[in-house]
Each structure stands twice: as C-alpha cells, then as structure tokens.
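In our numbering, the protein residues as written are 1125 to 1229.
A short write-up of the structure that comes next.
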C-alpha cells in the first residue's frame, strides 16, 4: 500500500512520493507523471539547465509558454512563465526534502 507524502506544492505544481515504493509523482493540472528517484533527479537536472526565454514560444491564444518534454516521448508539459518558476522551485524543494527523508530512513 502506498504511503503518499507531499514533498512540495507551488500553485499548480504538486510533487509527492511514496515512502514505501519510492515512486515520485509530479502532478500538474490534469497530468500526473511517475518517476523513480533516479529518473526524477535526471528530469530535475534537465530542467535546471533550461531558461524560459531560451525555449518559450507564443501559443495560439497569445500566451508565451515553454514546452518541456517529459521522459515519455509522447507527453510534454507546457508552462507559462509563472508556472515554470513554480515547477522549478517545487522540484528543487522536493529534491531537498527527499534527501532529508533519506537521511532519517
């Protein structure tokens, strides 16, 4: 049985993990991605190297968004500038809290 713990929540970005199976979940709007701890770390590192202005584009609704490809080829996130900041901050905080849980485990 999963014991889901919230690691961080920033507006639409919600990151949690299961204390038993160690699955990390990224919840954003109506999308949930599952990661192993190692996959989550790699996804975090890939986002840390991207800047919003380097990879954003104007969508048909006139809003500027960044498209971030997930580890799953057919699934991508799109973020406004604020959502982008929220996700990066949430992932950074989640990584730190994961490290704390690992120390006390």
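Here a beta-carbon is modelled for each residue, glycine too, at the ideal position from N, C-alpha and C.
Everything numeric in this text was worked out from a predicted model, so none of it was measured.
query	result
Suppose you measure from the CA of residue 1170 to the CA of residue 1141; what does that come to, to the nearest Å?	20 angstroms
Grouping DSSP H, G and I as helix and E and B as strand, with all else coil, what is residue 1187?	coil
Taking only three categories from DSSP, how would you classify residue 1229?	coil
Take every Cβ of the region 1129 to 1148, pair it with every Cβ of the region 1209 to 1216, and state whether three or more of those distances are shorter than 8 angstroms.	yes
Report back the beta-carbon spacing between residue 1148 and residue 1164 to the nearest angstrom; my notes put them in contact at under 8 angstroms.	4 angstroms
Contact defined as beta carbons within less than 8 angstroms: I believe residue 1184 pairs with residue 1167. What is the distance between those atoms, to the nearest angstrom?	With 8 angstroms as the limit, residue 1184 and residue 1167 do not qualify as a contact, their Cβ atoms being about 27 angstroms apart.
Which residues mark the beginning and the end of the alpha helix (DSSP H) in which residue 1179 is found?	1176 to 1179
Leaving aside the five residues before and after residue 1202 along the sequence, list all residues of the same chain whose C-beta is less than 8 angstroms from its C-beta, in chain order.	1183, 1189, 1190, 1191, 1192
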